[in-house]
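Participant: Below is one structure. I have some questions about it.
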Amino acid sequence: MSQTRADVQALFELPLNDLIYRAQSVHRQHFDANAVQLSTLLSIKTGGCSEDCSYCSQSTRFDTKVDHEPLKSLEDVVNAASIAKQNGATRFCMGAAWRGPKQKDMARVLEMIEAVQSLGLETCATLGLLQPGQAEQLAAAGLDYYNHNLDTAAAYYDNIIHTHSYDDRLRTLREVRGAGIKLCCGGIIGMGETRAHRAALIAELAALEPPPESVPINMLVRVPGTPLAEMPALDPIEFVRSIAVARITLPTAVVRLSAGRTQMPEPLQALCFLAGANSMFYGDKLLTTPNPNVDHDRALFEKLGLRAMLPGESMRRSTATDHDTPMQVVAAQSHIQS
Ligand code: SAM
Ligand code: DTB
Ligand code: SF4
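Every letter in the sequence shown is one number past the one before it in the numbering used here, and letter 306, counting from 1, is 438.
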């Protein structure tokens, strides 16, 4: 049974220690608490988008510093995916600044998916709204995940996007599910929404049937030239709470600490992992904005004792559970290592 917005908001109101304890407990029931899934992003078509998403650097409607770049060649995409694999990513996500893919572009996108899959990487694409039949084409090419976000609560959506509706987004999510592709669907925190809106977004994600396998939680990147450029920074603890609430409400989903990590000091990222984030974008760039560099992330993992999740590893139940005492956790882990 899905949780109501009020149930989800009650989680937000918990004392932070209690919230994190619950999130860790749920996390350990479903996952190895120290494994993090690594996805690398590539913008395969950049800028010049017709849509008016207020946060986005790639809309033609806003004066941002992003250069337009047409659809990349297959060779460029394969080179980028090979580097991502060498660096340790298990999933490669191809993003395009489109309202949705035109049929004339589909052939090359399908070749990209096939080529990336044949490198032994999981494939993900985020191409905007899908027309009937397009999800089936993506599935036939071997696409593992489709990313399409609700972005914010239905009640706040009209403050952010006017060129396509919440229902348009829900229709695309149904197309993806109908074609048997796994769903990556989340949102952005820090766009001026209230806590009630954040709770509603998470409740709406959890009410999708079935809920998404992967839930990206983005912190707004305030891109100069966009309508949200001057948005006041969100309190970082509210972001940590959002991760913890997503972890509890979507217990079997991989929760991805997504955009905004360059603005987050290491202790804040560590708190996000403690709150149940178990995926992140890995590689020096997101789509048009920077991400921490790979060496920096490797050092962070070393410091926190985190490891990269293996390909296809998603629902591994740890030998530790929320009922274990801290000493049982240590004993279980030394057993794993020996
Ligand atoms: N055009 C496609 C679409 O809109 O679905 C794919 C690319 S779009 C950039 C993918 C997602 O990136 C958006 O739904 C949004 O959640 C996230 N995103 C884009 N710009 C962002 C920003 N400045 N800060 C945080 N998240 C952002
Ligand atoms: C998602 O939820 N976050 C990623 C991915 N899906 C495609 C994109 C983040 C983009 C951040 C702004 C940029 O680099 O342009
Ligand atoms: Fe940006 Fe995607 Fe919206 Fe286009 S549809 S403006 S690329 S978020």
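For glycine and all other residues, C-beta sits at the position ideal for the given N, C-alpha and C.
If we count the other Cβ atoms within 10 Å of its Cβ and call it buried at 16 or more, is residue 235 buried or exposed?
Facilitator: Locating residue 235 in the sequence shown gives position 103, counting from the first residue. It is exposed - the Cβ of residue 235 has fewer than 16 other Cβ atoms within 10 Å.
Participant: Does the beta-carbon distance from residue 282 to residue 336 come in below 7 Å?
Facilitator: Here residue 282 is taken as the residue at index 150 of the sequence shown, counted from 1. Here residue 336 is taken as the residue at index 204 of the sequence shown, counted from 1. Yes, Cβ-Cβ distance for residue 282 and residue 336 is below 7 Å.
Participant: How many whole angstroms separate the CB atoms of residue 260 and residue 228, which I take to be in contact at a CB cut-off of 8 Å?
Facilitator: Stepping through the sequence shown from its first residue, residue 260 is reached at position 128. Stepping through the sequence shown from its first residue, residue 228 is reached at position 96. That belief holds up - the Cβ atoms of residue 260 and residue 228 are roughly 7 Å apart, short of 8 Å.
Participant: Alpha helix (DSSP H) containing residue 351: first to last residue?
Facilitator: For the purposes of this step, residue 351 is identified with residue 219 of the sequence shown, where counting begins at 1. Unbroken run through residue 351 is the beta strand (DSSP E), 346-351; no alpha helix (DSSP H).
Participant: Who does residue 186 pair with in a DSSP beta bridge?
Facilitator: As a first step, residue 186 must be located in the sequence shown, where it is residue number 54. None, per the DSSP bridge assignment.
Participant: Closest to residue 419 by CA distance: which of 387, 225 and 343 is it?
Facilitator: Within the sequence shown, numbered from 1, the residue matching residue 419 stands at position 287. With distances taken between Cα atoms, residue 419 lies closest to 225.
Participant: Alpha carbon to alpha carbon, how far is residue 387 from residue 199?
Facilitator: Residue mapping note: residue 387 aligns to position 255 of the sequence shown, counting from 1. Residue mapping note: residue 199 aligns to position 67 of the sequence shown, counting from 1. Straight-line Cα distance between these residues: approximately 31 Å.
Participant: At a Cβ threshold of 7 Å, is residue 442 touching chain D?
Facilitator: Looking at the structure shown, chain D is missing, and only one protein chain is on hand.
Participant: Could you give the first and the last residue of the continuous beta strand (DSSP E) run that contains residue 387?
Facilitator: Taking the sequence shown and counting its residues from 1, the one referred to as residue 387 is at position 255. That run of the beta strand (DSSP E) goes 386-389.
Participant: Can you give me the C-alpha to C-alpha distance between residue 270 and residue 245, rounded to a whole angstrom?
Facilitator: Residue 270 sits at position 138 when you count from the first residue of the sequence shown. Residue 245 sits at position 113 when you count from the first residue of the sequence shown. So the alpha carbons of these two residues sit roughly 8 Å apart.
Participant: Which class does residue 149 belong to by DSSP, given the choice of helix, strand or coil?
Facilitator: If you number the sequence shown from 1, residue 149 lands on position 17. Of the three classes helix, strand and coil, the one that applies to residue 149 here is helix, per DSSP.
Participant: Checking 7 Å against the spacing of the C-beta atoms, do residue 338 and residue 141 come in under that value?
Facilitator: Taking the sequence shown and counting its residues from 1, one reaches residue 338 at position 206. Taking the sequence shown and counting its residues from 1, one reaches residue 141 at position 9. Cβ atoms of residue 338 and residue 141: not closer than 7 Å.
Participant: Given 8 Å as the limit, is there contact between the region 248-257 and the region 291-300, that is, 3 or more CB pairs closer than that?
Facilitator: Not touching, per the Cβ criterion.
Participant: I believe residue 395 touches residue 323 by the beta-carbon criterion, under 8 Å. Please report the beta-carbon distance rounded to the nearest angstrom.
Facilitator: As a working mapping, residue 395 is identified with position 263 in the sequence shown. As a working mapping, residue 323 is identified with position 191 in the sequence shown. The pair is not a contact, with the Cβ atoms about 15 Å apart (cut-off 8 Å).
Participant: With a threshold of 16 other CB atoms inside 10 Å of the CB of residue 431, please say whether the residue is buried or exposed.
Facilitator: Within the sequence shown, numbered from 1, the residue matching residue 431 stands at position 299. Exposed is the call here.
Participant: Select from 257, 436, 164 and 196 the residue whose C-alpha is nearest the C-alpha of residue 317.
Facilitator: Numbered from its first residue, the sequence shown carries residue 317 at position 185. Per the Cα distances, 257.
Participant: Can you tell me the Cα-Cα spacing of residue 415 and residue 143, whole angstroms?
Facilitator: Here residue 415 refers to the residue found at position 283 when the sequence shown is read from its first residue. Here residue 143 refers to the residue found at position 11 when the sequence shown is read from its first residue. Answer to the nearest angstrom: the Cα atoms are 33 Å apart.
Participant: Counting C-beta neighbours from all protein chains within 10 Å, is the total for residue 365 16 or more, i.e. buried, or is it exposed?
Facilitator: Translated into the one-based positions of the sequence shown, residue 365 becomes position 233. So residue 365 counts as exposed.
Participant: Pick out every residue whose C-beta is nearer than 6 Å to a heavy atom of the ligand SF4: which are they, in chain order?
Facilitator: Counting every residue whose Cβ lies closer than 6 Å to a heavy atom of the ligand SF4, we get 181, 183, 185, 188, 190, 191, 229, 231 and 260.
Participant: Name the one or two DSSP bridge partners that residue 167 has.
Facilitator: To locate residue 167, count along the sequence shown from 1; it is residue 35. Residue 167 pairs with 439.
Participant: Between residue 349 and residue 297, is the Cβ-Cβ spacing less than 7 Å?
Facilitator: On the sequence shown, residue 349 is found 217 positions in, with the first residue counted as 1. On the sequence shown, residue 297 is found 165 positions in, with the first residue counted as 1. No, Cβ-Cβ distance for residue 349 and residue 297 is not below 7 Å.
Participant: Can you name the start and end residues of the beta strand (DSSP E) that residue 411 belongs to?
Facilitator: On the sequence shown, residue 411 is found 279 positions in, with the first residue counted as 1. Start and end: 411-413.
Participant: Is residue 178 near the ligand SAM, judged by its Cβ being under 6 Å from some heavy atom?
Facilitator: If you number the sequence shown from 1, residue 178 lands on position 46. Checking the Cβ of residue 178 against the ligand SAM gives no.
Participant: Pull up the distance between the alpha-carbon of residue 218 and that of residue 212, whole angstroms please.
Facilitator: Residue 218 sits at position 86 when you count from the first residue of the sequence shown. Residue 212 sits at position 80 when you count from the first residue of the sequence shown. Distance between the alpha carbons of residue 218 and residue 212 is about 10 Å.
Participant: What are the residues that DSSP puts in a beta bridge with residue 226?
Facilitator: As a first step, residue 226 must be located in the sequence shown, where it is residue number 94. BP columns for residue 226 point to 174 and 257.
Participant: Taking its Cβ as the centre, do 16 or more other Cβ atoms sit within 10 Å of residue 175, making it buried, or is it exposed?
Facilitator: Taking the sequence shown and counting its residues from 1, one reaches residue 175 at position 43. The residue is buried, with at least 16 neighbouring Cβ atoms inside 10 Å.
Participant: Residue 215 by DSSP, collapsed to three states: which one?
Facilitator: What you label residue 215 is simply residue 83 of the sequence shown in a count that begins at 1. Residue state, collapsed to three classes: helix.
Participant: Skipping 5 residues on each side, what residues in its chain have a beta carbon closer than 7 Å to that of residue 240?
Facilitator: Along the sequence shown, one-based indexing puts residue 240 at 108. Only 203 and 206 meet the Cβ criterion.
Participant: Is residue 326 buried or exposed, if buried means 16 or more other CB atoms sit within 10 Å of its CB?
Facilitator: Residue 326 sits at position 194 when you count from the first residue of the sequence shown. Residue 326 comes out exposed.
Participant: I need the straight-line Cα distance from residue 168 to residue 280, nearest angstrom please.
Facilitator: Working through the sequence shown from its first residue, we reach residue 168 at position 36. Working through the sequence shown from its first residue, we reach residue 280 at position 148. C-alpha separation (whole angstroms): 21 Å.
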